[in-house]
Structure formats: C-alpha cells, structure tokens
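So the protein sequences, as listed, match chains A and B. Under the working numbering, the residues of the first sequence are numbered -15 to 96, in order. Under the working numbering, the residues of the second sequence are numbered -15 to 96, in order. Glycine included, every Cβ here is placed at the ideal spot set by N, Cα and C.
2 protein chains.
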Amino acid sequence: MNTQTVGRITDHLAAEDITLQGVLDALTDPVRRSIVRQLFDAEDGMACGTFDINVTRSTSTHHFKVLRRAGILRQEYVGTVKTNSLRRTDLDRALPGLLDAIITAARHEAGR
Amino acid sequence: MNTQTVGRITDHLAAEDITLQGVLDALTDPVRRSIVRQLFDAEDGMACGTFDINVTRSTSTHHFKVLRRAGILRQEYVGTVKTNSLRRTDLDRALPGLLDAIITAARHEAGR
Chain A
-15 MNTQTVGRIT DHLAAEDITL QGVLDALTDP VRRSIVRQLF DAEDGMACGT
35 FDINVTRSTS THHFKVLRRA GILRQEYVGT VKTNSLRRTD LDRALPGLLD
85 AIITAARHEA GR
Chain B
-15 MNTQTVGRIT DHLAAEDITL QGVLDALTDP VRRSIVRQLF DAEDGMACGT
35 FDINVTRSTS THHFKVLRRA GILRQEYVGT VKTNSLRRTD LDRALPGLLD
85 AIITAARHEA GR
C-alpha cells in the first residue's frame, strides 16, 4: 500500500468522546456490522469500494460516515483512495470487550 | 421471596431464537439498558415497580415487553407480583461476552 496520505477527513470523533450509545446506534444496522466485520478480518486498511456490501454508493457513503462519526473507523486518503481502518485500540479502551463480542456474534450468525 | 408462581407470561423468546439484531435493537435504548443493568446488579428477581427509571407506567410496560421479546429477561408472576429476571445463561450462550461488555460500558458511563 502507498502510505503517502494526501488528504485527511477531519470529522473523526476524539477517542475520549466514543460512547456506548453512539457505538450501539451505529452497530444496530446490519450493513454497518458487516462493514466492521470485514474490516476486523482484514489485515490492512480497506478502500471503500472493496467491501462486500449490497447497497448503492450513496447508501454506502452514509454508512461509512455514521461509522466514522461514532468513532468506530478512521478514513484517510492513501494516495487518491479513501481507505478505512478500524479504531480497535480506541474502542477497546472506551468500551472493553464490546467490539470483540459483537464481531464474534456477527460471525457466528453469518455462519449459521 | 414467595416462589409460588401463579401465572406465566407466554411470549418469551426461545433461547435458540435470541439474535444479535434483536438484542442490539433492544439495548440501543438507554432506559432499557438501565433496566438490564439494575437486573444484572440485583441478586434476585425484581418486581416491575421497583426499578429506578423515570418513565410513565405505560412506557415502562413497553420497555419490559421489548426486553422480554428479545430474550433478554424473563417475566413471571410470583404470587401477584410480576417479577423480572435476566436470562444470563441464555444470553451468554447465544452471544458470548456481549451482555457483560454492554453492562461494563453502561456502568462505566453511568459513573462518569
């Protein structure tokens, strides 16, 4: 991956402002849970267009924005590609065990 | 507590039908999270009227119904008192770690 960041998205939530309410509101949506699960499984950041989600581009943009504003993922431009990464450290500090429990359950249900 | 059960509420969710979606939908509401946190902290079942929640009776009844139908709590009449208990075993089996993580976070935020 080209690590040169040429632009930043500036409305990320500060780590200390991550709340249970915000994270639950965001992850109550199954498409957003799927995005988070795919990011969790990825070793690296993922470009917006590479997720396996069956929604329009504008819906997808909305979902990424909700996740970003809840403090769940970080988006930055790597070269010209908007790239997503999960804020695992920030989430684990704010809400210990929650992300893991949701991912585990989501995986379990996806495998049913 | 009088353990004679004189009536049962019959629309409880079967343990195997508990879903992540249903539990997240139920626990996204802060009043319902407060009910669950109080039940979690109680050693025994709690009568509906004994929870510290600042809502009308009909709103309270609605919240208990949502929690019951999501498989989160069980309600039964003990004598003439409708009594609530948390379905911890069923929840831990269906969604390992989720309830604990949400309770921990809710406590943490309540203590802020």
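In this structure, the straight-line span from the alpha carbon of A85(B) to that of I37(B) is close to 22 Å.
With 16 or more other Cβ atoms inside 10 Å of its own Cβ, R52(A) counts as buried.
Per the DSSP secondary-structure output, A31(B) pairs in a beta bridge with T67(B). The secondary-structure analysis by DSSP pairs V39(A) with nothing; it has no beta-bridge partner. D28(A) sits exposed, since fewer than 16 C-beta atoms from the chains shown fall within 10 Å of its C-beta. The beta carbons of G55(B) and G95(B) sit about 28 Å from each other, so the pair does not count as a contact at 8 Å. In this structure, the straight-line span from the alpha carbon of A10(B) to that of T64(A) is close to 40 Å. For L4(A), the closest alpha carbon among the candidates A89(A), L79(A) and T88(A) is that of L79(A). For E93(B), the nearest beta carbon of chain A is closer than 8 Å to its own beta carbon. Per DSSP, L8(A) is not a residue of any beta strand (DSSP E); the alpha helix (DSSP H) it occupies stretches across L4 to L11. For L(-3)(B), no alpha helix (DSSP H) segment is defined, and its DSSP state is neither H nor E.
Under the 8 Å criterion on CB atoms, L4(B) is classed as interfacial with respect to chain A.
Interface annotation for the segment 58 to 91 of chain A against chain B: A78, L79, P80, G81, L82, L83, D84, A85, I86, T88, A89 and A90, criterion Cβ-Cβ distance under 9 Å.
Counting the other Cβ atoms within 10 Å of the Cβ of T43(B) gives fewer than 16, which makes it exposed. Contact note: L8(A) reaches chain B through L8, L11 and T12, using a C-beta cutoff of 7 Å and chain order. Taking a cut-off of 8 Å for Cβ pairs, the segment -5 to 3 of chain B and the segment 12 to 24 of chain B do not touch, as fewer than three such pairs fall below it. Annotation for L82(A): L4, V7 and L75 place their beta carbon closer than 8 Å to its own, counting only its chain and skipping 5 residues before and after. For L75(B), the three-state secondary structure derived from DSSP is helix. Looking at the DSSP output, L57(B) shares a beta bridge with L70(B). Here the C-alpha atom of R41(B) lies approximately 45 Å from the C-alpha atom of N68(A). As DSSP reads the structure, V62(B) sits in a beta bridge with V65(B).
Close CB contacts of S18(B) within its chain, under the 7 Å cut and outside five residues either way in sequence, are with I37 (chain order).
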